[in-house]
Amino acid sequence: MLYIVGVGPGDKELLTLKAVKILQRADVVAYGDLVPEEVVEEFAPQAERVKIGHRHKDHDEVVARLLEVAREKNVVLLKNGDPTVFGRAHQICRMARAAGVPCEIVPGVSSFTAASALGGVELTDGVALRHVALLSYPHVDEEVLKSVRADVYVIFMMGDRLSQVAELVKKVCGKAVEVYVCSRISLGGTCLPLEKVEKVEKPLLVIVRKCWSPP
Ligand SMILES: C[S@@+](CC[C@H](N)C(=O)[O-])C[C@H]1O[C@@H](n2cnc3c(N)ncnc32)[C@H](O)[C@@H]1O
Numbered sequence: 001m002l003y004i005v006g007v008g009p010g011d012k013e014l015l016t017l018k019a020v021k022i023l024q025r026a027d028v029v030a031y032g033d034l035v036p037e038e039v040v041e042e043f044a045p046q047a048e049r050v051k052i053g054h055r056h057k058d059h060d061e062v063v064a065r066l067l068e069v070a071r072e073k074n075v076v077l078l079k080n081g082d083p084t085v086f087g088r089a090h091q092i093c094r095m096a097r098a099a100g101v102p103c104e105i106v107p108g109v110s111s112f113t114a115a116s117a118l119g120g121v122e123l124t125d126g127v128a129l130r131h132v133a134l135l136s137y138p139h140v141d142e143e144v145l146k147s148v149r150a151d152v153y154v155i156f157m158m159g160d161r162l163s164q165v166a167e168l169v170k171k172v173c174g175k176a177v178e179v180y181v182c183s184r185i186s187l188g189g190t191c192l193p194l195e196k197v198e199k200v201e202k203p204l205l206v207i208v209r210k211c212w213s214p215p
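In terms of the UniProt record's numbering, the sequence shown has 182 at position 182, counting the first letter as 1, and numbering is strictly consecutive.
Rendered as structure tokens:
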């Protein structure tokens, strides 16, 4: 059996009860850099550990190996945040089922809702903020912002590209725009207005609000 489990943005207290129960029964646990080691240590000390590299190729190779193991054992693939948000959960489950391996996706707290809750940036208010668009770098440019035209954009996978997004927003958005940088959410970080950011700390996402509001 393969489980694809969201562990939330970093703080182990944001794991779901279901995630903990599945981890306690795991034979093998696989995870990448954005999953804290302490989650595995605390909830699945019995399991064999497999670390997954950044590159797509590494990820795909590990998944292929995990599918073979999952024919006999409980394999848990941990994903940062929610596994369906830029986490390829459905794609992996389709591969598993095609190979005859049952697969279950377990939702987690996504980093963007955690950023709103913990960093104090409202995503929807039912008045001026009605539409939220989830975008991922580098698939965001002038064309995308203009065609989506949402009240709120959440831009994931910023890495070191904060200045590019700042440039883009300056070029495309009106004067009322608000840009928040949310870094290390639930790990001691918070959301700050772009102009107040002194040190860029990863992981981070950017929330852009009111790009299209009149000034
Ligand atoms: C591959 S995406 C996965 C998103 C994840 N599935 C989710 O639901 O949050 C990884 C990106 O999520 C964002 N992210 C994840 N954890 C974060 C955190 N604790 N604080 C800020 N951003 C975070 C960053 O933009 C990071 O580059």
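For glycine and all other residues, C-beta sits at the position ideal for the given N, C-alpha and C. As the structure is a prediction and not an experimental result, all values here were calculated from the model.
Outcome for Val5 when other beta-carbon atoms lying within 10 angstroms are tallied against a minimum of 16: If you number the sequence shown from 1, residue 5 lands on position 5. It counts as buried.
Report the rounded CA-to-CA distance for Val106 versus Leu14, giving the unit in angstroms. Position 106 of the sequence shown holds residue 106. Position 14 of the sequence shown holds residue 14. In this structure, the straight-line span from the alpha carbon of Val106 to that of Leu14 is close to 13 Å.
Along the chain, where does the alpha helix (DSSP H) containing Ser110 start, and where does it finish? Sequence index remark: in the sequence shown, residue 110 carries index 110 (1-based). From DSSP, Ser110 is part of no alpha helix (DSSP H); its letter is neither H nor E.
Between Gly189 and the rest of its own chain, which residues show a CB-CB distance below 7 Å, the 5 nearest in sequence each way excluded? By 1-based counting over the sequence shown, the position of residue 189 is 189. These residues qualify, in order along the chain: Ser183, Glu201.
Run the proximity test for Ala114: is its beta-carbon closer than 8 Å to any non-hydrogen atom belonging to ligand 1? Locating residue 114 in the sequence shown gives position 114, counting from the first residue. At least one heavy atom of ligand 1 is found less than 8 Å from the C-beta of Ala114.
At what residues does the alpha helix (DSSP H) containing Cys93 begin and finish? Indexing the sequence shown from 1 puts residue 93 at position 93. DSSP places Cys93 inside the alpha helix (DSSP H), whose first and last residues are 89 to 98.
Nearest-angstrom Cα distance between Asp33 and Gln24? Taking the sequence shown and counting its residues from 1, one reaches residue 33 at position 33. Taking the sequence shown and counting its residues from 1, one reaches residue 24 at position 24. Looking at the backbone, the Cα of Asp33 and that of Gln24 are separated by about 21 Å.
Which of helix, strand or coil DSSP assigns to Phe86: Numbered from 1 along the sequence shown, position 86 holds the residue referred to as residue 86. DSSP places Phe86 in coil when its eight states are reduced to three.
Are there any heavy atoms of ligand 1 lying less than 8 Å away from the beta-carbon of Cys211, as far as the coordinates show? Your numbering for residue 211 matches position 211 in the sequence shown. Result no, Cβ not under 8 Å from ligand 1.
Which residues in the same chain as Ala44 place their Cβ atom closer than 8 Å to its Cβ, once the five residues preceding and following it in sequence are excluded? On the sequence shown, residue 44 is found 44 positions in, with the first residue counted as 1. Once the five neighbours on either side are set aside, the close Cβ partners of Ala44 are Leu23, Gln24, Ala26, Val29, Val76.
With a threshold of 8 Å, are at least 3 pairs of Cβ atoms found where one atom belongs to the segment 158 to 175 and the other to the segment 105 to 122? Three or more Cβ pairs closer than 8 Å define a contact, and the segment 158 to 175 falls short of that threshold against the segment 105 to 122.
Helix, strand or coil: which one does DSSP assign to Ala30? The count along the sequence shown starts at 1 and reaches residue 30 at position 30. Ala30: strand per DSSP, three-state reduction.
Expressed to the nearest angstrom, what Euclidean distance is found between the alpha-carbon atoms of Lys170 and Ala64? Within the sequence shown, numbered from 1, the residue matching residue 170 stands at position 170. Within the sequence shown, numbered from 1, the residue matching residue 64 stands at position 64. One alpha carbon belongs to Lys170, the other to Ala64, and they sit about 43 Å apart.
Starting from Ser163, trace the alpha helix (DSSP H) both ways and give me its first and last residue. As a position in the sequence shown, residue 163 is number 163, starting the count at 1. For Ser163, the uninterrupted alpha helix (DSSP H) segment begins and ends at 162 to 172.
Going by the DSSP bridge assignment, what does Gly8 pair with across the sheet? By 1-based counting over the sequence shown, the position of residue 8 is 8. In DSSP, Gly8 forms a bridge with Gly81.
Verify the contact flag: Gly120, CB atom, against every heavy atom of ligand 3, threshold strictly below 8 Å. Because ligand 3 does not appear in the structure shown, any question about it cannot be addressed here, the ligands present being ligand 1.
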